[in-house]
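Numbering follows numbering that gives the first Met the number 0, with no gaps: position 59 of the sequence shown is 58.
Cβ atoms here follow ideal geometry from the backbone N, Cα and C, with glycine treated the same way.
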Amino acid sequence: MPVWGEVISKQQVSDLIAYLRAGLPAVPTAEPQAIPSGQGPAVEGAALYVRDGCINCHGPNGLGGVPNPQSPDKTIPPLSGVAFRKQFNTDAKIIAVIRSGSVIGRAPIVSMPHWGGIIPDDQLKALVAYLKTLK
Numbered sequence: 000m001p002v003w004g005e006v007i008s009k010q011q012v013s014d015l016i017a018y019l020r021a022g023l024p025a026v027p028t029a030e031p032q033a034i035p036s037g038q039g040p041a042v043e044g045a046a047l048y049v050r051d052g053c054i055n056c057h058g059p060n061g062l063g064g065v066p067n068p069q070s071p072d073k074t075i076p077p078l079s080g081v082a083f084r085k086q087f088n089t090d091a092k093i094i095a096v097i098r099s100g101s102v103i104g105r106a107p108i109v110s111m112p113h114w115g116g117i118i119p120d121d122q123l124k125a126l127v128a129y130l131k132t133l134k
């Protein structure tokens, strides 16, 4: 039985972790979208932006505005515009936050997961190339 204040029990957490580690069964008809090659890093980065789920939180074309109820401005920040380019004025700064993720405010949806060790360096560079095309 859960302890007062817990949402789920420790056993349920252990079961959920075991389920996630087991992976999902293969879907024979599902094919991941191919990432374009030979068309430049920005084109590759645009496909990665969709495939890796960046678009789900930061919106089409990095415009942001997706609700994030507990963040200071109540939205997930854009990855375009003057404020973004001023704060993230080098490729290294953009890559660092993608690798480490970020935490602002309280749940729900206040943090960006870390992608360090998940997205290879060449794909991080392609994502940055795409982000630099956004106005």
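Fully enclosed beta strand (DSSP E) runs of no fewer than 3 residues are not present anywhere in the segment 42-105. The straight-line gap separating the alpha-carbon atoms of G52 and K92 is approximately 20 angstroms. Between the C-alpha atoms of T74 and T28 there is a straight-line separation of about 36 angstroms.
Residue environment: Q122 is assigned as buried (16 or more neighbouring CB atoms within 10 Å of its CB, all protein chains considered). Following the DSSP letters along the chain, one finds K134 in no alpha helix (DSSP H), marked with neither H nor E. By the Cβ criterion, the segment 84-91 is not in contact with the segment 52-71, since fewer than three pairs of Cβ atoms, one from each stretch, lie closer than 8 angstroms. For V96, the CB contacts under 8 angstroms within the same chain, skipping 5 residues up- and downstream, are F87 and M111 in chain order.
When DSSP reads this structure, S110 sits in a beta bridge with V102.
A direct Cα-to-Cα measurement between L126 and Y48 gives close to 7 angstroms. Close CB contacts of S101 within its chain, under the 7 angstroms cut and outside five residues either way in sequence, are with S110 and M111 (chain order).
With a threshold of 16 other beta carbon atoms within 10 Å, I16 falls short and is exposed. Remark: C-beta atoms of G115 and R98 approach each other more closely than 8 angstroms.
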